[in-house]
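Trainee: Residue 267 in my numbering sits at position 255 of the sequence shown, with consecutive numbering throughout. Even for Gly, the Cβ is constructed at its ideal location relative to N, Cα and C. Source: prediction; values computed, not measured.
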Amino acid sequence: MAIILDHVSHIYEKGTTMEAAALKDISLVIPDGQFIGLIGHTGSGKSTLVQHLNGLMKPTYGTVYYNGEDIHESGFDKKKLRSKVGLVFQYPEHQLFEIDVFKDVCFGPKNMGLSEKEVQLRAYAALKQVGLEDEYFYQSPFDLSGGQKRRVAIAGVLAMKPEALVLDEPTAGLDPKGRDEILDQIARLREETGITVILVSHSMEDVAKYVDRIIVMNQGSVMYDDEPREVFRHYKELEAVGLAAPQVTYIMQELKRQGLDVDTDVITIEEARDGILKALGLFSQREA
């Protein structure tokens with residue numbers, strides 16, 4: 013499975029005085045199993061882009077392919093596509109509506125025409141995958157905390173057994189503990205199943221820690237598309253468009269300026285710790 017965007021552009025209010033280009037000539041290949049971070053300032057085109065991946069939006073120009081098929085060709089099964097490319101919106105309450113959590117998670121697989129037994133098995137497995145305790149299964153989803161609602165929304169998509177999971181700011185508004193729990197859960201899921209994950213995020217720390225590849229959007233275009241270390245080497249250019257590198261990048265740059273011989277390419281706290289210990293001569297030969 014691969015999702016391909018071939019010279020995709022999207023223009024809002026085309027032909028009117030309000031015309032605005034949200035996407036400009038985007039060409040991307042999203043292969044199986046990658047963990048991708050999609051970053052950009054507000055209005056850069058991130059959310060518009062991800063809604064093209066499962067056909068919620070149609071390009072003004074260009075083509076989106078799934079498994080080699082144009083998803084907007086007549087006769088293409090978009091309902092099936094949306095079970096294979098699952099999108100979790102930023103605000104989970106937009107996706108929750110049933111009287112209890114379990115029924116909510118059952119909704120997607122039930123619409124796929126599966127047997128009641130298979131529907132329930134999938135819902136149970138999905139809720140376990142996101143780490144929600146059994147005691148919450150028959151509560152109203154609207155009585156849950158923000159982090160629990162996110163888990164239920166993600167479970168509702170996972171119950172359809174997608175091949176790609178698209179998460180639009182899944183940790184927005186959560187405290188650090190809740191954010192780490194959600195992202196650790198997603199990372200484990202990807203490791204266990206090989207699912208493709210596309211994470212839209214404003215947190216440079218999150219994308220540095222979890223993803224294999226970063227796509228940087230700016231004014232509707234792809235500014236960078238590379239592995240995290242390469243992208244964050246351009247921290248000055250990222251700052252110029254309202255973004256930044258992870259905080260540890262700036263700390264290591266300052267330590268280097270102060271005369272400590274550290275690697276300034278580190279992007280995670282663990283790498284920074286090891287680099288500082290090594291520079292101070294406190295990193296043992298065995299660990300090195």
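Which one of 131, 128, 232 and 20 has the shortest CA to CA distance from residue 84?
Mentor: In the sequence shown, counting from the first residue as 1, residue 84 sits at position 72. The shortest Cα separation from residue 84 among 131, 128, 232 and 20 belongs to 20.
Trainee: In the structure shown, what three-state DSSP assignment does residue 123 receive?
Mentor: The residue given as residue 123 occupies position 111 in the sequence shown. Three-state DSSP puts residue 123 in a helix.
Trainee: In the DSSP output, what is residue 24 paired with across the bridge?
Mentor: Counting from 1 along the sequence shown, the entry for residue 24 is found at position 12. In DSSP, residue 24 forms a bridge with 32.
Trainee: What are the residues that DSSP puts in a beta bridge with residue 100?
Mentor: Residue 100 sits at position 88 when you count from the first residue of the sequence shown. Answer by DSSP bridge pairing, in chain order: 179.
Trainee: Using the C-alpha atoms, what's the distance from residue 216 back to residue 244?
Mentor: Here residue 244 refers to the residue found at position 232 when the sequence shown is read from its first residue. Here residue 216 refers to the residue found at position 204 when the sequence shown is read from its first residue. In a straight line, the C-alpha of residue 244 is about 9 Å away from that of residue 216.
Trainee: Are there 16 or more other CB atoms within 10 angstroms of the CB of residue 56, so buried, or fewer, so exposed?
Mentor: Stepping through the sequence shown from its first residue, residue 56 is reached at position 44. Looking at its Cβ environment, which holds 16 or more other Cβ atoms inside 10 Å, residue 56 is buried.
Trainee: What does a CB cutoff of less than 6 Å around residue 42 pick up in its chain, not counting 5 residues either side in sequence?
Mentor: Your numbering for residue 42 matches position 30 in the sequence shown. So the list reads 15, once near-sequence residues are dropped.
Trainee: Would you kindly work out how many angstroms separate the C-alpha atoms of residue 104 and residue 164, rounded to a whole number?
Mentor: Your numbering for residue 104 matches position 92 in the sequence shown. Your numbering for residue 164 matches position 152 in the sequence shown. C-alpha separation (whole angstroms): 8 Å.
Trainee: From this set, 178, 161 and 248, which residue's C-alpha is nearest residue 68's C-alpha?
Mentor: Along the sequence shown, one-based indexing puts residue 68 at 56. Cα-wise, what sits closest to residue 68 is 178.
Trainee: Does DSSP put residue 264 in a helix, in a strand, or in coil?
Mentor: Numbered from 1 along the sequence shown, position 252 holds the residue referred to as residue 264. In the structure shown, residue 264 sits in a helix (DSSP, three-state: H, G or I).
Trainee: Based on Cα-Cα distance, which residue from 201, 253, 212 and 221 lies nearest to residue 230?
Mentor: Residue mapping note: residue 230 aligns to position 218 of the sequence shown, counting from 1. Taking only the C-alpha atoms, the option nearest residue 230 is 253.
Trainee: Please work out which residues of its chain come closer than 7 Å, Cβ to Cβ, to residue 72, disregarding the five sequence neighbours upstream and downstream, and give them in chain order.
Mentor: The count along the sequence shown starts at 1 and reaches residue 72 at position 60. If we look at residue 72 and ignore the five residues flanking it on each side, its Cβ neighbours are 21, 22, 23 and 26.
Trainee: Could you check if residue 271 is buried or exposed, using at least 16 other CB atoms within 10 Å of its CB as the buried criterion?
Mentor: Your numbering for residue 271 matches position 259 in the sequence shown. Exposed: under 16 other Cβ atoms inside 10 Å.
Trainee: Can you round the beta-carbon distance between residue 117 and residue 133 to whole angstroms, since I take them to be within the 8 Å contact cut?
Mentor: Sequence index remark: in the sequence shown, residue 117 carries index 105 (1-based). Sequence index remark: in the sequence shown, residue 133 carries index 121 (1-based). At roughly 11 Å, the Cβ-Cβ gap does not stay under 8 Å, so residue 117 and residue 133 are not in contact.
Trainee: Sorted by chain position, which residues of the same chain lie with C-beta nearer than 7 Å to residue 282's C-beta, five sequence neighbours on each side aside?
Mentor: One-based indexing of the sequence shown puts residue 282 at position 270. Taken in chain order, the list of residues that qualify is empty.
Trainee: So residue 5 packs on residue 161, CB below 8 Å; how close in whole Å?
Mentor: What is shown of the chain runs 13 to 300, which leaves residue 5 out entirely.
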